[in-house]
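Asker: Just remember that my numbering sits 1092 ahead of the position in the sequence shown, which is counted from 1.
For each residue, glycine too, the CB sits at the ideal point set by N, CA and C.
Just so you know, these numbers come straight off a predicted model, no measurement behind them.
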Amino acid sequence: AALDRAFVMPGVTRVTPGSFDRNRALVSKLEEILRQDASRPLYNDELASAVGASVRSIHTAVHAIHGVSPHQFLRQKRLWMLRSQLVKGIPGLTVQIAAQAHGFWHMSDLSKSYKERFGESPSDTLARAKRLS
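(1) In this structure, how does DSSP classify residue 1252 when only helix, strand and coil are distinguished?
(2) Helix or strand or just coil, what does DSSP make of residue 1210?
(3) Leaving out five residues on either side along the sequence, give the residues of the same chain with a beta carbon under 6 Å from the beta carbon of residue 1131.
(4) Taking the alpha-carbon of residue 1203 as reference, which of 1175, 1184 and 1223 has the nearest alpha-carbon?
(5) Quick one: residues in its chain with C-beta nearer than 8 Å to the C-beta of residue 1161, no 5 flanking neighbours on either side, listed in chain order?
(6) Where does residue 1185 fall in DSSP's three states?
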């Protein structure tokens, strides 16, 4: 709570005692839901029901902890999970299989987002990992 008060600019938002812990707990629940089945689409109402909070509370929590919307947060988590799998260079793994396992269905959109985030294409990551294994 002391850190919350120290880092929040006056007048921007009102920090209540324990808000960081509550927000972090909600974000942790969202991460767990994503880890359980990264391939399925996640919708705000469904997430809210699963974590026992309102859509607004989820948005507030994710924004307070990560500074982005829940959609952006979950997309970035999926990208990192995908990269984590690609760098292992598992025999027989393709970018398309890994992408679909992490909820990415539009390969061109994925490639663009991945390159913006990591500076290389998903296929470059996988090819390098396979060369090194």
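Answerer: So, from the listed chains and residues:
(1) Residue coverage of the chain in this structure runs from 1093 to 1225, which leaves residue 1252 outside it and unanswerable.
(2) helix
(3) 1193 and 1195
(4) 1175
(5) 1151, 1154 and 1155
(6) coil
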